[in-house]
Each structure stands twice: as structure tokens, then as C-alpha cells.
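Everything below concerns the one structure shown next.
2 protein chains.
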Amino acid sequence: MRYSHKLSDAVHILAYIDICHDDDLSSTAIAASVESNPALVRRLMGALRRGGLLATQQGSATPKLARRPAAITLLDIYRAVEDDGNLLHVDDKTNPHCIVGGNIQDTLRVAYAEVQSAAEVQMKTITLARLIGDILTRERAKQGSAGE
Amino acid sequence: MRYSHKLSDAVHILAYIDICHDDDLSSTAIAASVESNPALVRRLMGALRRGGLLATQQGSATPKLARRPAAITLLDIYRAVEDDGNLLHVDDKTNPHCIVGGNIQDTLRVAYAEVQSAAEVQMKTITLARLIGDILTRERAKQGSAGE
DNA sequence: CATTCATGTAACAATTAAAGTAACATCAAA
DNA sequence: TTTGATGTTACTTTAATTGTTACATGAATG
Numbered sequence: 001m002r003y004s005h006k007l008s009d010a011v012h013i014l015a016y017i018d019i020c021h022d023d024d025l026s027s028t029a030i031a032a033s034v035e036s037n038p039a040l041v042r043r044l045m046g047a048l049r050r051g052g053l054l055a056t057q058q059g060s061a062t063p064k065l066a067r068r069p070a071a072i073t074l075l076d077i078y079r080a081v082e083d084d085g086n087l088l089h090v091d092d093k094t095n096p097h098c099i100v101g102g103n104i105q106d107t108l109r110v111a112y113a114e115v116q117s118a119a120e121v122q123m124k125t126i127t128l129a130r131l132i133g134d135i136l137t138r139e140r141a142k143q144g145s146a147g148e
Numbered sequence: 001m002r003y004s005h006k007l008s009d010a011v012h013i014l015a016y017i018d019i020c021h022d023d024d025l026s027s028t029a030i031a032a033s034v035e036s037n038p039a040l041v042r043r044l045m046g047a048l049r050r051g052g053l054l055a056t057q058q059g060s061a062t063p064k065l066a067r068r069p070a071a072i073t074l075l076d077i078y079r080a081v082e083d084d085g086n087l088l089h090v091d092d093k094t095n096p097h098c099i100v101g102g103n104i105q106d107t108l109r110v111a112y113a114e115v116q117s118a119a120e121v122q123m124k125t126i127t128l129a130r131l132i133g134d135i136l137t138r139e140r141a142k143q144g145s146a147g148e
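If you're matching them up, the sequences are chains A and B in order.
Heads up: the first sequence begins at 1 in our numbering, then just goes up one per residue.
Heads up: the second sequence begins at 1 in our numbering, then just goes up one per residue.
Structure follows, in C-alpha cells:
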């Protein structure tokens, strides 16, 4: 498959809603920033709403964060938009009559869960507030160095 | 795309070569355990060889681990077989004229690198020796409980 | 209250990375 | 020299993501 950008685009949407709260917040306007299309934006917004991160209203282009940016972590967003939240995948078609093929699936499941857990612990430390702050800092740095 | 099983199959191959060292170690025999095909096995073995984890000889079905299983980590295997070693992917097509679209790529790259690093630290702690030991332990548990 | 424009959602097509298949050059071993 | 192995490439098939289109539903304005 193609590599998923859902997490990146979901962060983009949330950051956009927070930073550009005075601008047009329609799915079309957000899609222009993501360089994607309104349907994709609405799909992701639906997932974020079901994940308790976003409040939307049908018919009205007035999405709002459901929590403070400091109370939204990258892990929250990840779990909201990624159907398959697994970073690594066990091959579930191995020969059960072989010592290796018959046991490796359970062995790898445990190992992969440890890796997944380590990644999620880190994702939990990264808040939307930090990401928004970083975006704004980078923008200021650009302004400050303009025309040098 | 489909989810990659390359890491799982590569671990399978290495564990098979160590555990079944007295059996047929042809790519066809290994493919039967993986329930895949010989070409896939040979492709992965080629990557493992280039990664310095496996010693093979063209024309002879005598692959050998290039290091002790205790000196091979899940991270070594991951890096050997995954062309794109990134667990998360930045959307590299965002509107550069927007505050968010113009800065979020760099912002996410940093954040994703932290997550990647946390996962890799954990992968580094998981050795092939441990995975092999786990497979053998599970097999013994099956034998002990046979017919219960 | 009708028009306009928004979201919410689903169905379908297009894209792309992985896995399957086949072919063949090269090398080992009997 | 014959047989069978690996190493490698090209091509096909599969499947998850993204793009596209359509339309039901709700909000807002005159």
C-alpha cells in the first residue's frame, strides 16, 4: 500500500483549527492547506470527533478542539485516525507443523507489543500544544530571517 | 499497500537456520516453514547478508548466521530488510504558503524521529537469542501439555 | 421558507508498496 | 557433465491509502 499520512494530516487539521481559528475553517479551506481534498479532511475530522478530540457541527464550518491542545497527545490522535494502530505486523500465515512456524507468531506478538509500547510512551509525551508551538516558532524564525 | 511482513519473515528465516541447522536449509525448505515462496526467502536472505547478519554461498544450501544470536538484535534485522525504516510518515505535500502547511513537515519530522528512536531503543534490547529461546520454550510447553 | 452552502458518509476509481510468480545466470557437488 | 542450489531481475497479483464523485442532512441568510 502507500504509506499512510493520516496521522500527519490529522495533526495538520487540528493545528490549523487552533492557529487559524479566525480564518475560514471549512473542509475546503483546510484541504487547501493540506493540499488534499475536502472529503479526506472530513473523513479525518469524523475520526477525530469519534476519538473525542474535535467538536464539529453538521452544516456549519465551525470545528473546535474538544480539549486544550496541552491535553491532546500524538498518541490520542494516532489512535483516533489509524484503524490498524500496529507499527509492526506479524505474518499470520506460517506453517503450524514446524517448530519455528508454529511458535514464532506468539513470540513476535510479544516482542512487537514491547516495541509498540515504547513508541506509544513517547507519543504520549508529545502534545498538540508542543507541535503548535513548534510550528509558530518556525514561522517566526522565517520572518526574522526574511531577506537575509 | 499491504502491511509488510518482511521483518517477521526475516526473523523467521534466521531462527529457522539456527534451530533447524541439521535439517534442509534450502530456500525451498525455509519457504515451506514461512508458507511463502523460495524467491521471497532468497530476497530476504540477500538483504540479511548485505546487513552482515547472514553468511550464504551461492549454489550451496548452507546458510549460517554471521554472528551469535545474542549479538543480533531486532533492530539489526529491521534495518537490514526494511528499505524504508520509518514507522511514521510525514505528508510531504502541504501548502508552503500557509503557516501550518509551511512548517508542519519539519515539526513532525522532529516528533516522529523521537518516536522512531524510542521504538529502536526497544528493538535493540530484543535479541535473536531471546526470540529463539522463546520459540523453543513455547514448543516445550506444547509438548508438555500434549493430550491434556 | 427557499436557496445556498456546509458537513457526514458511502461507493468507486486510482495509486502504490508488498508479496507472488517465473525465468535465468551463476556456482557447488557428486 | 549433470543436477540442483543461490542470486537477481522482471512481471503480475494483492491490498491499504488516497482521490473522486455523489448525495443526504443540517445551518444560515435573504
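Heads up, the beta-carbon is just placed ideally off N, CA and C, and yes, glycines get one too.
> How would you write the range of the alpha helix (DSSP H) that glutamine 58/A sits in, first residue to last?
Replying inline: Position 58 of the first sequence, counted from the first residue, corresponds to residue 58/A. Unbroken run through glutamine 58/A: none, as it is neither H nor E.
>> I'd like to check one pair, isoleucine 135/A with asparagine 103/B: are the Cβ atoms closer than 8 Å?
In response: In the second sequence, residue 103/B corresponds to position 103, counting from 1. In the first sequence, residue 135/A corresponds to position 135, counting from 1. Going by C-beta atoms, asparagine 103/B is nearer than 8 Å to isoleucine 135/A.
> How would you label threonine 62/B, buried or exposed, when you count the other beta carbons within 10 angstroms and need 16 or more for buried?
Replying inline: Locating residue 62/B in the second sequence gives position 62, where the first residue counts as 1. Label assigned to threonine 62/B: exposed.
> Helix, strand or coil for threonine 28/A per DSSP?
Replying inline: As a first step, residue 28/A must be located in the first sequence, where it is residue number 28. In this structure, threonine 28/A counts as helix in the three-state DSSP scheme.
>> For lysine 69/B and alanine 10/B, which I take to be in contact (beta-carbon distance under 8 Å), what is that distance rounded to the nearest angstrom?
In response: For this step, residue 69/B is matched to residue 69 along the second sequence. For this step, residue 10/B is matched to residue 10 along the second sequence. First, the amino acid is wrong: residue 69/B is proline here, not lysine. At roughly 14 Å, the Cβ-Cβ gap does not stay under 8 Å, so proline 69/B and alanine 10/B are not in contact.
> Taking Cβ positions, are glycine 51/B and arginine 79/B nearer each other than 8 Å?
Replying inline: Locating residue 51/B in the second sequence gives position 51, counting from the first residue. Locating residue 79/B in the second sequence gives position 79, counting from the first residue. Against a cut-off of 8 Å, the Cβ pair of arginine 79/B and glycine 51/B comes out as a contact.
> Residues bridged to threonine 64/B by DSSP?
Replying inline: By 1-based counting over the second sequence, the position of residue 64/B is 64. Going by the sequence as given, residue 64/B is lysine instead of threonine. Ala55/B, per the DSSP bridge assignment.
>> Tell me which residues of the segment 116 to 128 of chain A have at least one Cβ-Cβ distance to chain B shorter than 9 Å, keeping chain order.
In response: Gln116, Ser117, Ala118, Ala119, Glu120, Val121, Gln122, Met123, Thr125, Ile126
> Since tyrosine 3/B is in the alpha helix (DSSP H), which residue starts that stretch and which ends it?
Replying inline: Within the second sequence, the letter at position 3 stands for residue 3/B. Boundaries for tyrosine 3/B: no alpha helix (DSSP H) harbours it, and the DSSP string shows neither H nor E there.
>> Which residue wins for smallest C-alpha separation from threonine 127/A, given the options Lys6/B, Gln122/B, Glu114/B?
In response: Walking along the first sequence from the start, residue 127/A turns up at place 127. Nearest C-alpha to threonine 127/A: Glu114/B.
> Does any residue of chain A bring its CB to less than 8 Å from the CB of asparagine 95/B?
Replying inline: Locating residue 95/B in the second sequence gives position 95, where the first residue counts as 1. So yes, asparagine 95/B belongs to the interface.
> If you count every other CB in all the chains shown that lies within 10 Å of the CB of lysine 6/B, and 16 or more means buried, which is it?
Replying inline: If you number the second sequence from 1, residue 6/B lands on position 6. Lysine 6/B is buried by the Cβ-count criterion.
> Looking at chain B, which residues of the segment 10 to 23 of chain A have a Cβ within less than 8 Å of any of its Cβ atoms?
Replying inline: Val11, His12, Ala15, Tyr16, Ile19, Cys20
> Can you give the Cα-Cα distance for alanine 15/A and cysteine 98/B, rounded to whole angstroms?
Replying inline: Residue 15/A sits at position 15 when you count from the first residue of the first sequence. Residue 98/B sits at position 98 when you count from the first residue of the second sequence. Using only the alpha carbons, I get a separation of about 12 Å.
>> Using only CA atoms, which one of Met123/B, Lys64/B, Arg42/B, Asn86/B lies nearest to histidine 21/B?
In response: Taking the first residue of the second sequence as 1, we reach residue 21/B at position 21. For histidine 21/B, the closest alpha carbon among the candidates Met123/B, Lys64/B, Arg42/B, Asn86/B is that of Lys64/B.
> Roughly how far, in whole angstroms, is the beta-carbon of isoleucine 131/A from the beta-carbon of threonine 107/B, given that I think they are within contact range, below 8 Å?
Replying inline: The residue you call residue 131/A lines up with position 131 of the first sequence. The residue you call residue 107/B lines up with position 107 of the second sequence. For the sequence presented, residue 131/A should be read as leucine rather than isoleucine. That pair is a contact at about 6 Å.
> Which residue from Gly46/B, Met45/B, Ser27/B puts its Cα closest to that of asparagine 37/B?
Replying inline: In the second sequence, the residue the question calls residue 37/B occupies position 37. Of the candidates Gly46/B, Met45/B, Ser27/B, the one whose C-alpha sits nearest the C-alpha of asparagine 37/B is Ser27/B.
> Can you name the start and end residues of the alpha helix (DSSP H) that valine 121/A belongs to?
Replying inline: As a first step, residue 121/A must be located in the first sequence, where it is residue number 121. Run containing valine 121/A: 104 to 125, per the alpha helix (DSSP H) assignment.
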